[in-house]
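Chemist:
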Amino acid sequence: MSSKELVVLCTCPDGETARRLAGEVVEARLAACVNIVPGVTSVFYWEGEAQAETECLLVIKTSDFAYTRLEGLLVERHPYELPEVIAVGIEKGLSGFLDWIREETR
Numbered sequence: 230m231s232s233k234e235l236v237v238l239c240t241c242p243d244g245e246t247a248r249r250l251a252g253e254v255v256e257a258r259l260a261a262c263v264n265i266v267p268g269v270t271s272v273f274y275w276e277g278e279a280q281a282e283t284e285c286l287l288v289i290k291t292s293d294f295a296y297t298r299l300e301g302l303l304v305e306r307h308p309y310e311l312p313e314v315i316a317v318g319i320e321k322g323l324s325g326f327l328d329w330i331r332e333e334t335r
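In short: position in the sequence shown from 1, add 229, done, that's our numbering.
1) Could you spell out where the beta strand (DSSP E) holding L287 opens and where it closes?
2) Got a sec, what are the start and stop residues for the alpha helix (DSSP H) L259 sits in?
3) Does the Cβ of K290 have 16 or more other Cβ atoms within 10 Å, making it buried, or fewer, making it exposed?
4) Quick one: Cα of E333 to Cα of V236, how far?
5) So, for A316: in the same chain, excluding its five sequence neighbours on each side, which residues have a beta-carbon less than 7 Å away from its beta-carbon?
6) Quick check on T246: does DSSP put it in helix, strand or coil?
7) Could you give the residue range of the alpha helix (DSSP H) that holds G325?
8) Out of I330, E300, V272 and E278, which one is the CA nearest neighbour of C239?
9) Applying the 10 Å Cβ sphere with the 16-neighbour rule, what's the burial state of F294?
10) Using the C-alpha atoms, what's the distance from R331 back to M230?
11) Taking the beta carbon of A257 as the centre, do at least 16 other beta carbons fall within 10 Å, making it buried, or is it exposed?
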């Protein structure tokens, strides 16, 4: 079975939430690796008003094979009413690294 590798982006309100979610998705084998980027400033409209919040960004390496379950876990366990969950296909990358993503998310 062929699988496409993905990078999934998900913002979190704080480091504790980011670490908890990162650990859960790796433990569940829904991601090979999650990077946590602290101190991201997000500017957005929510409920008709401009907002600016400091968040942490999860950079999740996964496969399309695991994506649906990953999305479900993030939506279920995330504290936001509408969490950011955006998947971007990886067009090119080190073949050994991409193989590792596929193997870890089977």
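Note that beta-carbon positions come from the ideal geometry of N, C-alpha and C, so glycine has one too.
Modeler: According to the structure shown:
1) Position 58 of the sequence shown, counting from 1, holds the residue named residue 287. E278 to S292 is the span of the beta strand (DSSP E), which, as asked, contains L287.
2) Locating residue 259 in the sequence shown gives position 30, counting from the first residue. First-last for L259: undefined, no H or E at that position.
3) Counted from its first residue, the sequence shown places residue 290 at position 61. Buried, since its Cβ has 16 or more Cβ neighbours within 10 Å.
4) In the sequence shown, residue 333 corresponds to position 104, counting from 1. In the sequence shown, residue 236 corresponds to position 7, counting from 1. Distance between the alpha carbons of E333 and V236 is about 14 Å.
5) Here residue 316 corresponds to residue number 87 of the sequence shown, with the count starting at 1. Only L235, V237 and Y296 meet the Cβ criterion.
6) Start at 1 with the first residue of the sequence shown, and residue 246 comes out as number 17. Helix.
7) Start at 1 with the first residue of the sequence shown, and residue 325 comes out as number 96. Segment S324 to E333, the alpha helix (DSSP H) holding G325.
8) Locating residue 239 in the sequence shown gives position 10, where the first residue counts as 1. Nearest option by C-alpha distance: E300.
9) Taking the first residue of the sequence shown as position 1, residue 294 is located at position 65. It is buried - the Cβ of F294 has at least 16 other Cβ atoms within 10 Å.
10) In the sequence shown, the residue the question calls residue 230 occupies position 1. In the sequence shown, the residue the question calls residue 331 occupies position 102. Note on M230: pLDDT 41, under 50, position unreliable in the model; the coordinate value appears next. Roughly 10 Å between the two C-alpha positions.
11) Within the sequence shown, numbered from 1, the residue matching residue 257 stands at position 28. Burial call: exposed.
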